[in-house]
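A.B. asks: Take a look at the following structure, please.
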Amino acid sequence: MVGNYDFYGHKPNDEDGQEPFVGRVCYVFNRDLSRELNDTRCIHCANFMTLQCEHIEEFIKEG
C-alpha cells in the first residue's frame, strides 16, 4: 500500500467497508507463491490478469 491507496490506486476499503479485491469466490491460490500469501487477495490468485480471470476487465479499467 502506498499512502492511503493499494497497489491499484484504490482506497483499501470500498463503500461497504470491505476490501474490493479480497475474498472473491473465484479465487484459486497461485501455487507458485509461498503458502503465507494464500490470503484470498486477487493479486495472489492463479488466474489474476490472465484470460481465465472473470474480472480481468475490472482490473484493466482500474489500472
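My numbering applies: residue 476 is where the sequence shown begins, and numbers increase by one. Note that the Cβ used here is the ideal one computed from N, Cα and C, for glycine as well. Owing to the predicted nature of the structure, the values given are computational and were not obtained by experimental measurement.
1. So is CYS501 buried or exposed if we call it buried at 16+ other beta carbons inside 10 Å?
2. If I follow the unbroken alpha helix (DSSP H) through PHE534, where does it start and stop?
3. Thinking C-beta only, is CYS517 closer than 9 Å to PHE496?
4. Rounded to the nearest angstrom, how far is the Cβ of ASN513 from that of PHE523, given a contact under 8 Å?
5. Indicate the three-state DSSP secondary structure (helix, strand or coil) for ARG506 in the structure shown.
C.D. replies: Quick look at the numbers:
1. Under this definition CYS501 is an exposed residue.
2. For PHE534, the enclosing alpha helix (DSSP H) stretches over residues 531-537.
3. Their beta carbons are under 9 Å apart, which means PHE496 touches CYS517 by this criterion.
4. Contact between ASN513 and PHE523 is ruled out by a C-beta separation of about 13 Å, above the 8 Å threshold.
5. ARG506 falls in the coil class under three-state DSSP.
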